[in-house]
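First up is the structure itself, then whatever we jot down about it.
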Amino acid sequence: MNKVDHIGVAVHSIDEVLSFYTETLSFECLHIEEVPSENIRVAFIDAGNVKIELLEPLHESSTVAKFIEKRGQGIHHVAFGVNDIEARINELKHKGVRMIQDNPKPGAGGAQVAFLHPKSGHGVLYELCEKKKD
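Take the sequence shown: its position 53, counted from the start at 1, is 51 in this note's numbering, and no numbers get skipped.
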């Protein structure tokens, strides 16, 4: 793992909470996009040494909608930046870590992502995030 890349925060509506981050906390919104593979809309906030990823469900069947229904709005996951996501998945599986995805899938910003099962993360949902190289 290279570093904490971002912290995901599940919200009902990005439009309703964005001003808290941009006006109240004076952070910059870097961009907003939809992630069809997850049926969510995301906003990336520059919080200095880490990004905050606001996650808004686009449909009640999305995993983020189910998360909010069960736990309410709040911290959803912690994402670690990696250089070779497939190698990291294999390494973690070899060490007995249960993965939600055995193969990376498309995430926000063109990244490849995979999630560790919260039972392997002691109740925390962790994401591996490999960003495309420019």
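Each residue gets a CB set at the ideal place from its N, CA and C atoms; glycine is no exception.
Keep in mind it's a predicted model, so treat the numbers as computed, not measured.
7 Å CB neighbourhood of residue i in its chain, flanking five on each side removed
i, result
"Asp44", "Phe25, Glu26, Leu28"
"Gln71", "Ala8, Val9, His10"
Unbroken beta strand (DSSP E) run spanning residue i, endpoints
i, result
"Ala8", "1 to 8"
"Val111", "110 to 114"
Residue of the options minimising C-alpha distance to residue i
i, options, result
"His120", "Lys49, Val7, Val76", "Val76"
"Ile73", "Ile5, Met(-1), Thr20, Asn0", "Ile5"
"Val122", "Arg96, Val80, Lys103, Ser35", "Arg96"
"Gly105", "Cys127, Lys91, His92", "Cys127"
"Glu32", "Leu23, Val15, Leu53", "Leu53"
"Glu58", "Phe42, Glu36, Ile50", "Glu36"
"Gln99", "Lys93, His92, His115, Thr22", "His115"
"Met(-1)", "Asp82, Val15, Glu67, Leu23", "Asp82"
Beta-carbon contacts of residue i that lie in its chain and below 8 Å, excluding the five residues immediately before and after
i, result
"Asn101", "Glu84, Ile87, Ala112"
"Val2", "Val48, Val76, Ala77, Phe78, Gly79"
Buried or exposed (CB count within 10 angstroms, at least 16 for buried), residue i
i, result
"Arg39", "buried"
"Glu51", "buried"
"Glu125", "buried"
Residue span of the alpha helix (DSSP H) that contains residue i, given as start and end
i, result
"Asp13", "12 to 17"
Close-in-space but distant-in-sequence residues of the same chain around residue i (CB under 6 Å, 5 per side omitted)
i, result
"Lys129", "Ala109"
Straight-line Cα distance separating residue j from residue i
i, j, result
"Ser17", "Ala41", "12 Å"
"Phe65", "Pro55", "10 Å"
"Lys91", "Glu21", "42 Å"
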